[in-house]
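Participant: Under the UniProt record's numbering, the residue at position 24 of the sequence shown is numbered 24, and the numbers go up by one with no gaps.
Cβ atoms here follow ideal geometry from the backbone N, Cα and C, with glycine treated the same way.
One structure, pasted below without further comment.
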Amino acid sequence: MALKKTGLLGGSFDPVHLAHIALAETARTALALDEVQLIPAADPWQRGPLAATAAHRLAMLHIATAGHAHLHVNPLEIQRGGPTYTIDTLRELPKNADYFWILGADQLENFCSWQYWQEIASLVTLAVAQRPGARLTAAQDLIEHLEKLDRHLIELPFEPTEISATLVRQRLARGESTDGLLDVAVAQYIKQNGLYQAPVA
């Protein structure tokens, strides 16, 4: 029996935006995946503090994926708590699937700085999407390691987009429109809960 093909898309999702969902669906189609799991980080070690709580970020992910039958939210990292390391997540996942780790070209550039990156590369197939301002090139160490493993780096047919969580937060803080950036229901949730508002002077 063939293993289930599962895509894994990790991130802060602070907040989840339309490019996250588009990337997940692009990967699902391009790689013929059975599902894509979106995995929100608890405390990502390579970036600053998050603006929204774990509970809010999870709620927004559930709203954003509601209309997508093959996209699922995996709260594993938030339930584990503490600093988020990809290797810990991969070691915890069930062994009954063929996993594809979906990442942006900006993450690929620093992949060899991740903890136990060699083991990560042995546990998943890396599927990379273009990102504005980042070249889609892997470090020589990663290229050589993948060759030893007889694994290949997959380039996803994803059109680079300027949408980012930083841009969304900036617009929300300035009271500007997020049309075309956020799922309408996510934008409504943010408004109802007073998230990402400008700090009081």
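Hey, which unbroken runs of the alpha helix (DSSP H) at 4 residues or more fall wholly within the segment 50-88?
Facilitator: Within the segment 50-88, the complete alpha helix (DSSP H) runs of at least 4 residues are 54-65, 76-80.
Participant: Between which two residues does the beta strand (DSSP E) carrying Asp98 extend?
Facilitator: Numbered from its first residue, the sequence shown carries residue 98 at position 98. Here the beta strand (DSSP E) through Asp98 covers 97-104.
Participant: How many angstroms separate the CA atom of Ile102 from the CA atom of Thr86?
Facilitator: As a working note, residue 102 is residue 102 in the sequence shown. As a working note, residue 86 is residue 86 in the sequence shown. Straight-line Cα distance between these residues: approximately 12 angstroms.
Participant: Measure the alpha-carbon distance for Ala27 versus Gln37 and round it to whole angstroms.
Facilitator: Here residue 27 is taken as the residue at index 27 of the sequence shown, counted from 1. Here residue 37 is taken as the residue at index 37 of the sequence shown, counted from 1. Spanning the two alpha carbons is a distance of roughly 11 angstroms.
Participant: Can the beta-carbon of Arg57 be found less than 9 angstroms from the beta-carbon of Phe13?
Facilitator: Residue numbering aside, residue 57 sits at position 57 when the sequence shown is read from its first letter. Residue numbering aside, residue 13 sits at position 13 when the sequence shown is read from its first letter. Yes. Within cutoff.
Participant: Could you compute how far the alpha carbon of Gln118 sits from the alpha carbon of Thr137?
Facilitator: On the sequence shown, residue 118 is found 118 positions in, with the first residue counted as 1. On the sequence shown, residue 137 is found 137 positions in, with the first residue counted as 1. Approximately 17 angstroms between the Cα atoms of the pair.
Participant: Suppose contacts are defined by Cβ-Cβ distances below 9 angstroms. Is Ile154 in contact with Thr89 by that definition?
Facilitator: Numbered from its first residue, the sequence shown carries residue 154 at position 154. Numbered from its first residue, the sequence shown carries residue 89 at position 89. Their beta carbons are not under 9 angstroms apart, which means Ile154 does not touch Thr89 by this criterion.
Participant: If you reduce the DSSP assignment to three classes, tell me which class Ile154 lands in.
Facilitator: For the purposes of this step, residue 154 is taken as the residue at position 154 of the sequence shown. Ile154: strand per DSSP, three-state reduction.
Participant: Does the structure place the segment 171-189 close enough to the segment 131-151 that three or more beta carbon pairs sit under 8 angstroms?
Facilitator: Segments in contact, no.
Participant: Among the residues of its own chain, which have a CB less than 6 angstroms from the CB of Lys4, if the five just before and after it don't count?
Facilitator: Within the sequence shown, the letter at position 4 stands for residue 4. Around Lys4: Asp34, Ala97.
Participant: Closer than 8 angstroms to a non-hydrogen atom of the ligand ATP - does that hold for the CB of Asn96?
Facilitator: Among the components modelled here there is no ligand, and therefore nothing to report on the ligand ATP.
Participant: For the alpha helix (DSSP H) containing Thr26, list its first residue and its last residue.
Facilitator: Sequence index remark: in the sequence shown, residue 26 carries index 26 (1-based). Per DSSP, Thr26 belongs to the alpha helix (DSSP H) from 18-30.
Participant: Specify whether the segment 106-120 and the segment 71-80 touch according to this definition: at least 3 beta carbon pairs, one from each stretch, less than 8 angstroms apart.
Facilitator: Verdict: no, contact absent.
Participant: Cutting at 8 angstroms between CB atoms, please list the residues of its own chain near Ala134, excluding the five before and the five after it.
Facilitator: Here residue 134 corresponds to residue number 134 of the sequence shown, with the count starting at 1. Excluding positions up to five away in sequence, the list reads Gly104, Ala105, Asp106, Leu108, Glu109.
Participant: How would you label Arg131, buried or exposed, when you count the other beta carbons within 10 angstroms and need 16 or more for buried?
Facilitator: Locating residue 131 in the sequence shown gives position 131, where the first residue counts as 1. Buried: at least 16 other Cβ atoms inside 10 Å.
Participant: Would you tell me roughly how many angstroms separate the C-alpha atoms of Ser113 and Arg171, rounded to the nearest one?
Facilitator: Here residue 113 is taken as the residue at index 113 of the sequence shown, counted from 1. Here residue 171 is taken as the residue at index 171 of the sequence shown, counted from 1. Whole-angstrom Cα-Cα distance: 31 angstroms.
Participant: Under three-state DSSP, which class holds Asp141?
Facilitator: Against the sequence shown, residue 141 aligns to sequence position 141. Asp141: helix per DSSP, three-state reduction.
Participant: Do you know whose CA, among Thr84, Ala41, Val186, lies nearest Gly67's CA?
Facilitator: Walking along the sequence shown from the start, residue 67 turns up at place 67. With distances taken between Cα atoms, Gly67 lies closest to Val186.
Participant: Tell me whether Ala19 is buried or exposed, calling it buried when 16 or more other Cβ atoms sit within 10 Å of its Cβ.
Facilitator: Here residue 19 refers to the residue found at position 19 of the sequence shown. Ala19 is buried by the Cβ-count criterion.
Participant: For Pro94, count neighbouring Cβ atoms within 10 angstroms of its own Cβ and tell me buried if that reaches 16, exposed if not.
Facilitator: Within the sequence shown, residue 94 is the residue found at index 94, counting from 1. Classification of Pro94: exposed, given that the 10 Å Cβ count is below 16.
Participant: Whole angstroms are fine: how far does the CA of Leu50 sit from the CA of Phe158?
Facilitator: The residue labelled residue 158 in the question sits at position 158 within the sequence shown. The residue labelled residue 50 in the question sits at position 50 within the sequence shown. Their Cα atoms are separated by approximately 26 angstroms.
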